[in-house]
Structures are given as C-alpha cells and as structure tokens.
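Peer 1: Going by this note's numbering, 62 is the number at position 44 of the sequence shown; the sequence numbering is gapless. Just so you know, even glycine gets a beta-carbon here, dropped at the ideal spot from N, CA and C.
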Amino acid sequence: MAKRMLFVYNPMAGKEQIHNKLSDIIQIFCKADFEVTIFSTSGKGDAEEIVAKKGNNYDYVVCSGGDGTMNEVAAGLMQLENRPVCGYIPAGTVNDFASSLKIPKIMKRAAQLVVDGSIFECDMGKFNNKYFTYVAGFGAFTEVSYQTPQEWKNALGKMAYFGEALKHITDIKPHHMTIKCDDGMYEDDFVLGLVSNSVSVAGYKAYSKKNIKMDDGKFEAIFIRNPRNPIELQQVLNALLSKELDAEQILYFCSKNINIISEDEVSWTLDGEDGGICSKVEMENINKALSIVCDSSAYEAVSCRSE
Ligand SMILES: [Mg+2]
C-alpha cells in the first residue's frame, strides 16, 4: 500500500527557492510510492495547525522551510498521539537542526534523503507550553537572530550573523536570574542564555570538544554572566572562540529539566523565532519524541545507541 505523506512548505522561506524545485521534489516522493498531500503555508501558525489537525492521517509529515517552519511542524507533531515520521527539506539560511542531522542543503538531495535515510528518534524541548527542536535562548545572540530581517540573513550568511551578535554583547541589559537544573541552582546577572539540543547553534559549534547526543534526554546549556569590565568581556569572547567554555563568566551544564525565574520579563527565542516574553520558564527535554529522517552518518554522530 502507498505510504501517505503530508508535505507542508513555506513558499517564502530562504530565497523563495522552492518555487522551481517543487515539481522535482514531489516527483521524488511519488516515485518512491508516496501518496502526497501538499499544503502551502500563508502565515505564522499555519504549519503547526495543519499538522496538529491532519497529521494523524499520514505515515509521514515532511516540511520545507526555515527553522521556523520546522519548529511549527514539530510542535504540531507533539500534539499527536501516534506521531508520523518527520522529514525536513531546509530552505532557510540558518538551519542548525538540519546540519546537525546532516540533512543536505540541496533540496532535491534532502527530498531523496526523506525516501532513503535513517529514522532517528530525536529529543524535543518543551518550553512552558511551547516546543523547540534545537535551541531556546535569550540575550545578545538571540535578539540579533530574530530582529535581523530575512533579506539580511540571506545576504549575511550565518558567520556574519554570529559575529554581529557578539559585537552587541555589551549593549545588552543583564537579567537577574535564578536557574535550577538537575544538579544545582545558580543565581546571577546573565546577558545571554542558550539551551540547546543540537551540534551547532546559528552555525556556531560551541561544543566542538564534546560529543553532542540528540537522544540522550539532556540539553546542553550555556549562560553568560554579565561581564563587569573589558577584561571579563575579553575572557568570555576568548572562551567562546576557543570553545573551551572554561571562563568564570560562563556557566555551562547538561540537564533534563531547567527552570528559570527572572526578576524582570525576558524575551526568548525558540529555534530562532520569537518565543514570547516571560519571567518564569520551565524547560523539559522530552526524550526521543520526534522520529525524523536523517543521514546515516549523522545517526552515528548524534545517537547514544551508536556507541
Ligand atoms: Mg542531548
């Protein structure tokens, strides 16, 4: 029997590059005996809604778009009891989730991978009543991420994007926070926080010295304390660039649950998109919640089971 696929795409993502690839992509799926239903999004929330409403009727839910579309589709899938297999054809600029799973940037190749890749049971992040696939963050870095217009992101590419974020680190107002994780509690003024479940964040491989697993039920978290003088700022930048993360100003840990209470309202981003403003955050790593097609070499790298 033909496998049923819901294909959800954002026509505006990236450089609208899907326009002349759509027919090739659908052909790849049809040749592999998929019966494809196509849904084109026209605004924020569309992808999540259609997947939550109709996803149960399909064996596969495949999406094409940027990080935001992927986030919505994953959030939609989380609302289903029997989750279909998820596939991803990236079309945006900063696709950290895709690169962690070694999903090709060339759309036709990514479509082919949906057909013959390995299925990986990936962890998902819960953030209050929302979800994220690979990063929740606030501060210097994240504000650049979602305040930068799409055309700029396309033009700058991800390296410039991260460099831009670092330059603004001194302009950012610190937040006084109490952070509770599995192994302890920390209270301080922080300028930046990143809770992630992927090998890279905005193209930056912060943890190159460590093996990141995306199915170990734990997040990696970096919180940067407010640098009190230029020397401390230099220490933070050196630690980030050398990827040693050993500066006193950097709080780094792994944890399944992370609860944060801040004195003021903090604006968060989830997978690089606006995540809302809140002073209380409860994050939980939901182990192996998303079955996603990835490259078999990525499977080796990011799965605990391959060890
Ligand atoms: Mg992990």
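Let me check you understand the geometry: is the CB of Lys144 closer than 7 Å to at least one non-hydrogen atom of ligand 1?
Peer 2: Indexing the sequence shown from 1 puts residue 144 at position 126. Flag unset: Cβ of Lys144 not near ligand 1.
Peer 1: Could you please give me the residues that DSSP links to Asp64 through a beta bridge?
Peer 2: Counting from one through the sequence shown, the residue named residue 64 turns up at place 46. Partner(s): none; Asp64 has no beta bridge.
Peer 1: Using the Cα positions of Ile279 and Gln267, report the straight-line distance between them to the nearest angstrom.
Peer 2: Position 261 of the sequence shown, counted from the first residue, corresponds to residue 279. Position 249 of the sequence shown, counted from the first residue, corresponds to residue 267. The straight-line gap separating the alpha-carbon atoms of Ile279 and Gln267 is approximately 19 Å.
Peer 1: What is the residue span of the alpha helix (DSSP H) that Met125 lies within?
Peer 2: Taking the sequence shown and counting its residues from 1, one reaches residue 125 at position 107. It spans Met125 to Asp134 - the alpha helix (DSSP H) in which Met125 sits, taken as one unbroken run.
Peer 1: So what does DSSP say about Asn100, is it helix, strand or coil?
Peer 2: Along the sequence shown, one-based indexing puts residue 100 at 82. Residue state, collapsed to three classes: coil.
Peer 1: What is the residue span of the alpha helix (DSSP H) that Tyr317 lies within?
Peer 2: By 1-based counting over the sequence shown, the position of residue 317 is 299. Per DSSP, Tyr317 belongs to the alpha helix (DSSP H) from Ser314 to Val320.
Peer 1: In or out: His193 buried (at least 16 other Cβ within 10 Å) or exposed?
Peer 2: Residue mapping note: residue 193 aligns to position 175 of the sequence shown, counting from 1. By the 16-neighbour rule on beta-carbons within 10 angstroms, His193 is buried.
Peer 1: Which one of Lys123, Tyr270 and Arg323 has the shortest CA to CA distance from Ala257?
Peer 2: Here residue 257 refers to the residue found at position 239 of the sequence shown. The candidate whose alpha carbon is nearest that of Ala257 is Tyr270.
Peer 1: Quick one: Cα of Met23 to Cα of Gly105, how far?
Peer 2: In the sequence shown, counting from the first residue as 1, residue 23 sits at position 5. In the sequence shown, counting from the first residue as 1, residue 105 sits at position 87. Computed Cα separation, rounded: 10 Å.
Peer 1: As a quick exercise: from Phe150, Cys140, Val103 and Ser117, pick the residue whose alpha carbon is nearest that of Glu90.
Peer 2: The residue labelled residue 90 in the question sits at position 72 within the sequence shown. Glu90 has its Cα closest to that of Phe150, out of Phe150, Cys140, Val103 and Ser117.
Peer 1: Note down, in chain order, each residue of its chain lying with its Cβ closer than 6 Å to the Cβ of Gly86, except the 5 sequence neighbours on either side.
Peer 2: Taking the first residue of the sequence shown as position 1, residue 86 is located at position 68. The residues are Glu291.
Peer 1: Give the straight-line distance between the Cα atoms of Phe25 and Leu308, rounded to the nearest whole angstrom.
Peer 2: Taking the first residue of the sequence shown as position 1, residue 25 is located at position 7. Taking the first residue of the sequence shown as position 1, residue 308 is located at position 290. Phe25 and Leu308: Cα-Cα distance of roughly 17 Å.
Peer 1: With DSSP as the reference, label Ala109 as helix, strand or coil.
Peer 2: Here residue 109 corresponds to residue number 91 of the sequence shown, with the count starting at 1. Ala109 falls in the coil class under three-state DSSP.
Peer 1: May I have the straight-line CA-CA distance separating Arg246 from Leu263, to the nearest angstrom?
Peer 2: Along the sequence shown, read from residue 1 onward, the residue named residue 246 stands at position 228. Along the sequence shown, read from residue 1 onward, the residue named residue 263 stands at position 245. Using only the alpha carbons, I get a separation of about 18 Å.
Peer 1: With DSSP collapsed to three states, give me the class of Leu1.
Peer 2: In this structure the chain extends from 19 to 325, so residue 1 is not present and cannot be described.
Peer 1: Does the segment 198-209 touch the segment 235-244, meaning 3 or more C-beta pairs lie closer than 8 Å?
Peer 2: Because the criterion of three Cβ pairs below 8 Å is met, the segment 235-244 and the segment 198-209 touch.
Peer 1: Kindly indicate which three-state DSSP category Met88 falls into: helix, strand or coil?
Peer 2: For the purposes of this step, residue 88 is taken as the residue at position 70 of the sequence shown. DSSP places Met88 in helix when its eight states are reduced to three.
Peer 1: Which value, in whole angstroms, describes the spacing of the CA atoms of Glu281 and Lys33?
Peer 2: In the sequence shown, counting from the first residue as 1, residue 281 sits at position 263. In the sequence shown, counting from the first residue as 1, residue 33 sits at position 15. Approximately 40 Å, taken between the alpha carbons.
Peer 1: Measuring only from the beta carbon, is Phe237 closer than 7 Å to any heavy atom that is part of ligand 1?
Peer 2: Locating residue 237 in the sequence shown gives position 219, counting from the first residue. Result yes, Cβ under 7 Å from ligand 1.
Peer 1: Mind checking whether Val320 and Ser118 have CB atoms under 8 Å apart?
Peer 2: Looking up residue 320 in the sequence shown gives position 302. Looking up residue 118 in the sequence shown gives position 100. Contact flag set, yes.
Peer 1: Applying the criterion that 16 or more other CB atoms from any shown protein chain within 10 Å of the CB defines a buried residue, is Leu95 buried or exposed?
Peer 2: Mapped onto the sequence shown, residue 95 falls at position 77. Buried, because 16 or more other Cβ atoms sit within 10 Å of the Cβ of Leu95.
Peer 1: Going by DSSP, what residues sit across from Arg22 in a beta bridge?
Peer 2: Residue numbering aside, residue 22 sits at position 4 when the sequence shown is read from its first letter. Per DSSP, Glu53.
Peer 1: Taking the straight line between their C-alpha atoms, what separation do you get for Cys81 and Glu67?
Peer 2: Walking along the sequence shown from the start, residue 81 turns up at place 63. Walking along the sequence shown from the start, residue 67 turns up at place 49. Taking the straight line from one Cα to the other gives about 13 Å.
Peer 1: Can you tell me where the alpha helix (DSSP H) with Glu281 in it begins and where it stops?
Peer 2: Along the sequence shown, one-based indexing puts residue 281 at 263. That residue, Glu281, is in no alpha helix (DSSP H); its beta strand (DSSP E) goes Asn275 to Leu288.
Peer 1: Measure the alpha-carbon distance for Leu259 versus Ala265 and round it to whole angstroms.
Peer 2: Counting from 1 along the sequence shown, the entry for residue 259 is found at position 241. Counting from 1 along the sequence shown, the entry for residue 265 is found at position 247. Using only the alpha carbons, I get a separation of about 12 Å.
Peer 1: Nearest CA to the CA of Tyr317: which residue from Met30, Cys140 and Asn100?
Peer 2: Along the sequence shown, one-based indexing puts residue 317 at 299. Ranking the options by Cα distance to Tyr317, first place goes to Cys140.
Peer 1: Use the C-beta contact count for Met19: other C-beta atoms within 10 angstroms, 16 or more gives buried, fewer gives exposed.
Peer 2: Within the sequence shown, the letter at position 1 stands for residue 19. Exposed, by the Cβ-count rule.
Peer 1: Please report the Cβ distance between Met142 and Asp289, rounded to the nearest whole angstrom; I am assuming they are in contact, meaning their Cβ atoms lie under 8 Å.
Peer 2: Within the sequence shown, residue 142 is the residue found at index 124, counting from 1. Within the sequence shown, residue 289 is the residue found at index 271, counting from 1. That pair is no contact at about 11 Å.
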